[in-house]
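A short worksheet on the structure shown next.
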Amino acid sequence: MPLETKTIDEVLNYCKRDLPQEHDWYIHEFDFIKDQALQESLAREFYTARYIYKLMEALFLEDFELHAHLKFQIIQYASIYEAVINYLLLNNFKEDENVKKISTHISLREIAALSGLTKITYEGNKIFTCLKKETKTPWTSIPFHDKVDASVDIGFVNEIYADEIKSFYTLRNSIHIEAAAKKNIEYEIEQSKLAYRRLRPFIDNIKAFLNAENT
Numbered sequence: 223m224p225l226e227t228k229t230i231d232e233v234l235n236y237c238k239r240d241l242p243q244e245h246d247w248y249i250h251e252f253d254f255i256k257d258q259a260l261q262e263s264l265a266r267e268f269y270t271a272r273y274i275y276k277l278m279e280a281l282f283l284e285d286f287e288l289h290a291h292l293k294f295q296i297i298q299y300a301s302i303y304e305a306v307i308n309y310l311l312l313n314n315f316k317e318d319e320n321v322k323k324i325s326t327h328i329s330l331r332e333i334a335a336l337s338g339l340t341k342i343t344y345e346g347n348k349i350f351t352c353l354k355k356e357t358k359t360p361w362t363s364i365p366f367h368d369k370v371d372a373s374v375d376i377g378f379v380n381e382i383y384a385d386e387i388k389s390f391y392t393l394r395n396s397i398h399i400e401a402a403a404k405k406n407i408e409y410e411i412e413q414s415k416l417a418y419r420r421l422r423p424f425i426d427n428i429k430a431f432l433n434a435e436n437t
């Protein structure tokens, strides 16, 4: 059975007490995102990350119950950083040399440049003739760390926060069931708080950079 209405109201009021409730406030945070669906999604994910933190605080959770709330927050914040960086690189800066550099790689394709009877060896190993060419890398195959570095080189991500943003992403991708052991809880608490605190300067720096670009 659910809790009594009075208890539910107390918990909900606590969770909402210190959070901006106006939807437009969260939309405004991401007003540099011109894709409305993505903007709405980012606003929603930001609010839910904060809401879950307040719920965790209200319930005074410990150990494994705490891990579930921390896991959600880390996933939310890391996904926000990732989505914003991907959007800006692909939309605002797709022609920038730093984006072009991470979007291609050198590939080798074997070609029959010699007659079928000709063989080349080196130290006993057969050598194949290949064509070397620059190939476009699928965006999803580009490491996120490289995207962060490109963002720093372009200028819309502050270098002093780059390693932390990378660590949030790495932690998000390494949160498996076995990682829920108590020894990881303190680290996850600090990382979830840091991910929230870094979002403010992350957004402010982007807005300042884009405004300067347009003046």
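In this text, residue positions in the sequence shown follow our numbering: the first is 223, and each later residue adds one.
We put the beta carbon where it would ideally sit given N, CA and C, even for glycine.
Does residue i come out as helix, strand or coil in the three-state DSSP assignment?
{"i": "LYS415", "result": "helix"}
{"i": "SER325", "result": "coil"}
{"i": "GLU319", "result": "helix"}
{"i": "ILE364", "result": "coil"}
{"i": "LEU241", "result": "coil"}
{"i": "ASN380", "result": "coil"}
{"i": "ILE255", "result": "coil"}
{"i": "THR270", "result": "helix"}
{"i": "LEU264", "result": "helix"}
{"i": "GLU226", "result": "coil"}
{"i": "LEU353", "result": "strand"}
{"i": "THR343", "result": "strand"}
{"i": "GLU284", "result": "coil"}
{"i": "LEU330", "result": "strand"}
Sort the options by Cα distance to residue i and report the nearest one.
{"i": "ILE297", "options": "GLU435, ALA417, ARG422", "result": "ALA417"}
{"i": "LYS415", "options": "VAL374, CYS237, LYS293, TYR236", "result": "LYS293"}
{"i": "ARG394", "options": "TYR269, PHE366, ALA372", "result": "PHE366"}
{"i": "VAL306", "options": "PHE268, ARG331, ALA280", "result": "PHE268"}
{"i": "SER190", "options": "ILE249, GLU356, GLU410, ASP385", "result": "There is simply no residue 190 to check, as the chain begins at 223 and stops at 437 in what is shown."}
{"i": "PRO360", "options": "PHE254, ASN308, ALA290, ASN380", "result": "ASN308"}
{"i": "ASN436", "options": "PHE254, LYS322, ARG422", "result": "PHE254"}
{"i": "ARG272", "options": "GLU287, GLU319, CYS237, GLN261", "result": "CYS237"}
{"i": "LYS355", "options": "LYS348, ILE376, HIS327, THR340", "result": "HIS327"}
{"i": "ASP426", "options": "LEU241, PHE252, ASP371", "result": "PHE252"}
{"i": "THR357", "options": "ASN314, LYS322, LYS256", "result": "LYS322"}
Could you check if residue i is buried or exposed, using at least 16 other CB atoms within 10 Å of its CB as the buried criterion?
{"i": "ALA265", "result": "buried"}
{"i": "ASP246", "result": "exposed"}
{"i": "TYR299", "result": "buried"}
{"i": "ASN344", "result": "Here residue 344 is Tyr; the residue named in the question, Asn, does not match the sequence. Result: exposed."}
{"i": "ILE302", "result": "buried"}
{"i": "GLN243", "result": "exposed"}
{"i": "ALA430", "result": "exposed"}
{"i": "ILE274", "result": "buried"}
{"i": "ILE382", "result": "exposed"}
{"i": "GLN261", "result": "buried"}
Note down the Cα distance separating residue i from residue j, rounded to an integer number of angstroms.
{"i": "PHE390", "j": "ILE342", "result": "49 Å"}
{"i": "LEU311", "j": "GLN295", "result": "24 Å"}
{"i": "GLU412", "j": "ALA334", "result": "57 Å"}
{"i": "ASP368", "j": "ILE324", "result": "7 Å"}
{"i": "ILE392", "j": "LEU336", "result": "The residue you asked about is not Ile; residue 392 is Thr in the sequence shown. Looking at the two C-alpha atoms, the distance is approximately 46 Å."}
{"i": "LEU277", "j": "ASP231", "result": "12 Å"}
{"i": "LEU281", "j": "ALA290", "result": "13 Å"}
{"i": "SER373", "j": "GLU226", "result": "49 Å"}
{"i": "SER329", "j": "LEU353", "result": "8 Å"}
{"i": "ALA402", "j": "PHE350", "result": "Reliability of the predicted coordinates at ALA402 is poor, the pLDDT of 49 falling under 50, and the value obtained from them is presented with this limitation in mind. Using only the alpha carbons, I get a separation of about 49 Å."}
{"i": "ILE458", "j": "PRO224", "result": "Residue 458 falls outside the range modelled here, since the chain spans only 223 to 437, and no answer is possible."}
{"i": "ARG239", "j": "GLU279", "result": "12 Å"}
{"i": "ASP371", "j": "ARG419", "result": "20 Å"}
{"i": "LYS256", "j": "GLU304", "result": "16 Å"}
{"i": "LYS460", "j": "ARG331", "result": "As shown, the chain starts at 223 and ends at 437. That puts residue 460 outside it, with no answer to give."}
At the 7 Å Cβ level, is residue i part of the contact set with chain C, yes or no?
{"i": "GLU356", "result": "Looking for chain C here will not work: only one protein chain is present."}
How close, in whole Å, do the beta carbons of residue i and residue j come, if the pair is a contact with beta carbons under 8 Å?
{"i": "LEU432", "j": "PHE378", "result": "7 Å"}
{"i": "ILE387", "j": "PHE315", "result": "ILE387 to PHE315, Cβ: 17 Å. No contact."}
Looking at the ligand FAD, does it come within less than 6 Å of residue i, judged from the CB to the closest heavy atom?
{"i": "ALA384", "result": "Looking at this structure, you won't find the ligand FAD or any other ligand, since it has none at all."}
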